[in-house]
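K.L.:
Below is the structure I would like to discuss, written out as structure tokens.
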Amino acid sequence: MTHTLHEFDRWAEVRAALADPALVPELPAGDGGPAGASVTWLRATVARFCSGEPHRRRRALVEAELARLEPASLRQAVAAAPAGDVRKRVVRALAEALGMPEPGAVAEAVIVVAGAYFGGDDAAADEAVARLVARLAPDPADEAALEAAANRIGLLVQACDATTALVEAAADSGDAPLARVLREDPPVRAMRRVAVRATRIAGRQIAEGDVVLLDLATANRSHAVPLTFGAPPRVCPGRAHALALADGLLQRPLTAFARLHHQAAPLLLPNAWDYASAAALAAQGFPAIGTTSLGVAAAAGLPDGAGATVEATMALARRLGQGSFLFTVDAEGGFSDNPAEVAELARRLHEAGASGINLEDGRADGTLASAELHAAKISAIKAAVPALFVNARTDTYWLGRQEEATAERLAVYEQAGADGVFVPGLSDPDKIAALTAALVVPLNILYTPDGPTLDDLTVLGVRRVSVGSLLYRRALAAALATAADLRAGRPVDCTALSYSDVQGLAAPDGASWTSA
């Protein structure tokens with residue numbers, strides 16, 4: 075029977091094809107082979123090339139394996155491994171993390187299997203499959219164990235080639251952000267799908283058995299969000315692990331502040347409004363402190379978000395720089411629409427001691443700056459101060475504007491060089507999970523009392539949780555309540571820091587607050 079080949083290279087069409095459960099990866103032809111002893115058997119038994127209930131079951135096996143691995147630990151492990159062949163380092167790190175015996179031998183066998191995995195026959199690869207299965211499922215009669223072994227091997231094989239291709243592309247790109255590399259030079263440039271039942275893509279009828287060729291490289295050129303890691307129901311389950319391995323192999327330096335965004339639990343960032351509040355929070359063990367633009371503006375009698383607090387912001391940064399704690403500065407939109415001026419502000423903040431800057435695309439009139447302008451500011455900052463952590467904020471949810479464009483805006487910002495991205499106002503778990511599944515850099519979420527808990531946000535993949543102006547507003551509320559109780563003659567809860575405790579929070583050199 076003759077089947078038609080359909081080719082798609084437009085982003086929306088490729089995205090629709092990737093999300094269509096009727097289209098599954100094409101299983102390469104093979105001559106069969108005994109269970110547990112051939113590449114043909116391996117391909118027929120892994121999640122990648124199947125559909126329906128077998129795919130769900132086998133994917134669950136892979137997800138369970140990956141759930142045992144913390145990406146940050148993988149990054150550290152592969153970075154510390156001896157230099158050598160990238161493929162071997164990738165597979166060895168994964169195999170060792172998964173507790174497989176003799177990870178070096180496993181890596182050598184997987185590399186051989188990878189050469190034939192996506193098509194063709196190879197006796198050496200068949201023998202390598204048999205060796206791997208003997209290590210992972212010694213009882214050939216145990217079908218469940220064989221299936222689990224096949225999917226563990228398939229995980230290693232896919233990581234072997236795809237992660238290596240990503241690392242090589244990133245190395246060739248110099249210091250380009252990894253997010254930009256994924257879009258411009260994806261490790262998998264094209265995908266083939268076969269229709270397991272009739273379907274329709276972009277008005278084109280696709281019959282059962284037809285083959286679909288998806289040109290990811292071309293599609294990515296017309297849209298900011300790359301399709302490198304697939305789309306539901308086939309989002310790559312090892313996405314975070316692949317990125318961590320790539321980061322570790324590239325060994326791009328991370329500042330102490332940046333490292334706080336790559337831990338098992340998200341960085342909880344409390345926001346201060348003056349030196350005393352920052353020092354008190356640092357004394358309580360918070361590893362880094364943010365500033366709140368509302369608190370800084372209100373304390374100076376100025377409006378927030380109106381670009382009126384540049385001097386107060388710089389003065390606070392100089393004061394905080396006298397402390398021994400890490401801090402990041404909320405700089406609204408950079409107090410200018412001139413990228414060079416924003417970069418100069420960032421340079422001054424860094425010289426004052428700031429480890430990071432928070433830069434928002436919301437405007438005082440309730441509109442959003444263009445994504446291109448915000449990206450230009452980010453690029454200018456990273457060119458002027460590479461070590462400054464840029465947290466690029468989009469106010470799509472905060473202002474209730476263009477919420478559907480959030481993912482695209484964030485993609486533009488991370489490709490411009492942002493080290494992290496921030497979506498205040500977003501609390502829907504499904505939407506948060508969708509963003510973390512598409513982003514390369516850490517996602518920052520604003521804590522809300524009626525939103526997801528810290529544990530929930532950890533599970534969703536959030537890497538930083540800001541408190542925003544909550545502490546400042548709570549402090550004002552407590553002051554007002556105390557004053558009102560005193561005036562009304564009601565009992566007053568006088569629990570507070572002592573005079574000497576507050577005096578002890580003074581900056582080390584006792585310098586005065588000036589904007590010079």
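Using the numbering used here, you'd call the opening residue of the sequence shown number 75 and step up by one each time.
Built from N, CA and C at the ideal position, the CB exists for glycine as well.
Does DSSP put THR273 in a helix, in a strand, or in coil?
P.N.:
Taking the sequence shown and counting its residues from 1, the one referred to as residue 273 is at position 199. The answer is strand: DSSP assigns THR273 an E or B state.
K.L.:
Can you tell me the Cα-Cα spacing of LEU328 and MET174, whole angstroms?
P.N.:
Against the sequence shown, residue 328 aligns to sequence position 254. Against the sequence shown, residue 174 aligns to sequence position 100. The C-alpha of MET174 is placed about 30 Å away from the C-alpha of LEU328.
K.L.:
How far does the alpha helix (DSSP H) with ARG421 in it extend, from its first residue to its last?
P.N.:
Indexing the sequence shown from 1 puts residue 421 at position 347. Segment 413–426, the alpha helix (DSSP H) holding ARG421.
K.L.:
Does the distance from the CB of ILE280 to the CB of PHE82 come in under 8 Å?
P.N.:
The count along the sequence shown starts at 1 and reaches residue 280 at position 206. The count along the sequence shown starts at 1 and reaches residue 82 at position 8. Not a contact, by the Cβ cut-off of 8 Å.
K.L.:
Would you grab the beta carbon distance between LEU394 and ALA362 for me? Rounded to a whole angstrom, and I think it's under 8 Å.
P.N.:
For the purposes of this step, residue 394 is taken as residue 320 along the sequence shown, with counting starting at 1. For the purposes of this step, residue 362 is taken as residue 288 along the sequence shown, with counting starting at 1. Contact flag wrong, Cβ pair sits at about 11 Å.
K.L.:
Count the other CB atoms, across all protein chains shown, that sit within 10 Å of the CB of VAL224; report buried if there are 16 or more and exposed otherwise.
P.N.:
The residue given as residue 224 occupies position 150 in the sequence shown. It should be noted that the sequence gives Ala, not Val, for residue 224. Answer is buried; the Cβ neighbour count reaches 16.
K.L.:
Let me know the secondary structure DSSP gives ASP83 once reduced to three states.
P.N.:
Along the sequence shown, one-based indexing puts residue 83 at 9. ASP83: coil per DSSP, three-state reduction.
K.L.:
By a C-beta neighbour count over all protein chains shown, 10 Å radius and 16 as the cutoff for buried, is TYR546 buried or exposed?
P.N.:
Mapped onto the sequence shown, residue 546 falls at position 472. It is buried - the Cβ of TYR546 has at least 16 other Cβ atoms within 10 Å.
K.L.:
Take the Cβ of CYS568 as the centre, count every other Cβ of all protein chains shown within 10 Å, and call the residue buried at 16 or more, exposed below.
P.N.:
For this step, residue 568 is matched to residue 494 along the sequence shown. By the neighbour-count rule (16 or more Cβ atoms within 10 Å), CYS568 is not buried but exposed.
K.L.:
Run through the DSSP bridge pairs and tell me what SER540 is partnered with.
P.N.:
Here residue 540 corresponds to residue number 466 of the sequence shown, with the count starting at 1. Paired residues: LEU343, LEU520.
K.L.:
Given a threshold of 16 other Cβ atoms within 10 Å of its Cβ, counted over all protein chains shown, does ASP435 qualify as buried or as exposed?
P.N.:
If you number the sequence shown from 1, residue 435 lands on position 361. Around the CB of ASP435, 16 or more other CB atoms lie within 10 Å, so the residue is classed as buried.
K.L.:
What would DSSP say about ARG267, mapped onto helix, strand or coil?
P.N.:
Locating residue 267 in the sequence shown gives position 193, counting from the first residue. It is a strand residue.
K.L.:
Excluding sequence positions up to five away, which residues of its chain have a Cβ less than 6 Å from the Cβ of ALA153?
P.N.:
Looking up residue 153 in the sequence shown gives position 79. So the qualifying residues of the chain are GLY322, GLN325.
K.L.:
Locate the beta strand (DSSP E) running through THR114, then write down its first and last residues.
P.N.:
Here residue 114 corresponds to residue number 40 of the sequence shown, with the count starting at 1. That residue, THR114, is in no beta strand (DSSP E); its alpha helix (DSSP H) goes 113–119.
K.L.:
Expressed to the nearest angstrom, what Euclidean distance is found between the alpha-carbon atoms of ALA457 and GLY312?
P.N.:
Taking the sequence shown and counting its residues from 1, one reaches residue 457 at position 383. Taking the sequence shown and counting its residues from 1, one reaches residue 312 at position 238. When rounded, the distance between both Cα atoms is 31 Å.
K.L.:
Quick check: LEU230 and LEU168, are their CB atoms within less than 8 Å of each other?
P.N.:
Within the sequence shown, the letter at position 156 stands for residue 230. Within the sequence shown, the letter at position 94 stands for residue 168. Against a cut-off of 8 Å, the Cβ pair of LEU168 and LEU230 comes out as a contact.
K.L.:
Any chance the segment 487–495 sits against the segment 461–476, with 3 or more Cβ pairs inside 8 Å?
P.N.:
yes
K.L.:
Do LEU513 and LEU484 count as a contact pair if the criterion is CB distance below 8 Å?
P.N.:
Within the sequence shown, numbered from 1, the residue matching residue 484 stands at position 410. Within the sequence shown, numbered from 1, the residue matching residue 513 stands at position 439. Yes; because the gap between Cβ atoms is below 8 Å, this pair is in contact.
K.L.:
Taking the runs of the alpha helix (DSSP H) that are 4 residues or longer, which of them lie wholly in the segment 274–335?
P.N.:
290–294, 313–324, 330–333
K.L.:
Could you name the residues of the same chain whose beta carbon sits closer than 6 Å to that of ALA511, not counting the 5 residues immediately before and after it, in chain order?
P.N.:
Here residue 511 corresponds to residue number 437 of the sequence shown, with the count starting at 1. The residues are VAL309.
K.L.:
Using the three-state DSSP reduction, which class does ALA552 fall into: helix, strand or coil?
P.N.:
The residue you call residue 552 lines up with position 478 of the sequence shown. ALA552 falls in the helix class under three-state DSSP.
K.L.:
Using a Cβ distance threshold of 8 Å, determine whether the segment 116–131 contacts the segment 141–152, with at least three qualifying pairs required.
P.N.:
Output reads no: the segment 141–152 does not touch the segment 116–131.
K.L.:
Indicate, with yes or no, if the ligand HEM has a heavy atom lying under 7 Å from the CB of PHE409.
P.N.:
Questions concerning the ligand HEM fall outside what the structure shown contains, since it holds no ligand whatsoever.
K.L.:
Quick one: what does DSSP say PRO145 is sitting in, helix, strand or coil?
P.N.:
Position 71 of the sequence shown holds residue 145. In this structure, PRO145 counts as helix in the three-state DSSP scheme.
K.L.:
How close, in whole Å, do the beta carbons of LEU252 and LEU343 come, if the pair is a contact with beta carbons under 8 Å?
P.N.:
Numbered from 1 along the sequence shown, position 178 holds the residue referred to as residue 252. Numbered from 1 along the sequence shown, position 269 holds the residue referred to as residue 343. Incorrect: roughly 23 Å between the Cβ atoms, too far for contact.
K.L.:
Could you spell out where the alpha helix (DSSP H) holding LEU355 opens and where it closes?
P.N.:
Numbered from 1 along the sequence shown, position 281 holds the residue referred to as residue 355. Segment 349–357, the alpha helix (DSSP H) holding LEU355.
K.L.:
Reducing DSSP to helix, strand and coil, say where PRO99 ends up.
P.N.:
What you label residue 99 is simply residue 25 of the sequence shown in a count that begins at 1. Note: PRO99 maps to strand in three-state DSSP.
K.L.:
For LEU554, does the count of other Cβ atoms within 10 angstroms reach 16, so buried, or fall short, so exposed?
P.N.:
Position 480 of the sequence shown, counting from 1, holds the residue named residue 554. That one is exposed.
K.L.:
Is it right to say SER589 is buried, meaning 16 or more other beta carbons lie within 10 angstroms of its own, or is it exposed?
P.N.:
For the purposes of this step, residue 589 is taken as the residue at position 515 of the sequence shown. A caution first: SER589 carries a pLDDT of 39, below 50, which makes its placement in the model unreliable, though a value can still be read off. Classification for SER589: exposed.
K.L.:
Does the segment 193–202 come close enough to the segment 82–97 that 3 or more CB-CB pairs lie under 8 Å?
P.N.:
no
K.L.:
Taking the beta carbon of HIS611 as the centre, do at least 16 other beta carbons fall within 10 Å, making it buried, or is it exposed?
P.N.:
Limits of the chain in this structure are 75 at one end and 590 at the other, which puts residue 611 out of reach.
K.L.:
Going by beta-carbon coordinates alone, are VAL403 and ASN432 separated by less than 8 Å?
P.N.:
Here the question's residue 403 lines up with position 329 in the sequence shown. Here the question's residue 432 lines up with position 358 in the sequence shown. The answer is yes: Cβ separation under 8 Å.
K.L.:
Is the segment 175–192 close to the segment 364–376, with three or more CB pairs under 8 Å?
P.N.:
In the pairwise beta carbon analysis, the segment 175–192 is classified as not touching the segment 364–376: fewer than three pairs are separated by under 8 Å.
K.L.:
On the criterion of 16 or more Cβ atoms from any shown chain inside 10 Å, does SER574 qualify as buried, or is it exposed?
P.N.:
Reading the sequence shown from its first residue, position 500 is the one you call residue 574. SER574 comes out exposed.
K.L.:
Considering only their Cβ atoms, is the gap separating GLY193 from PRO102 smaller than 8 Å?
P.N.:
Stepping through the sequence shown from its first residue, residue 102 is reached at position 28. Stepping through the sequence shown from its first residue, residue 193 is reached at position 119. It is a contact, given that the beta carbons lie within the stated cut-off.
K.L.:
Taking the alpha carbon of GLU488 as the reference point, which residue from GLU446, PHE360, ARG392, ARG254 has its own alpha carbon closest?
P.N.:
Taking the sequence shown and counting its residues from 1, one reaches residue 488 at position 414. Looking at the Cα atoms, ARG254 is the closest of the given residues.
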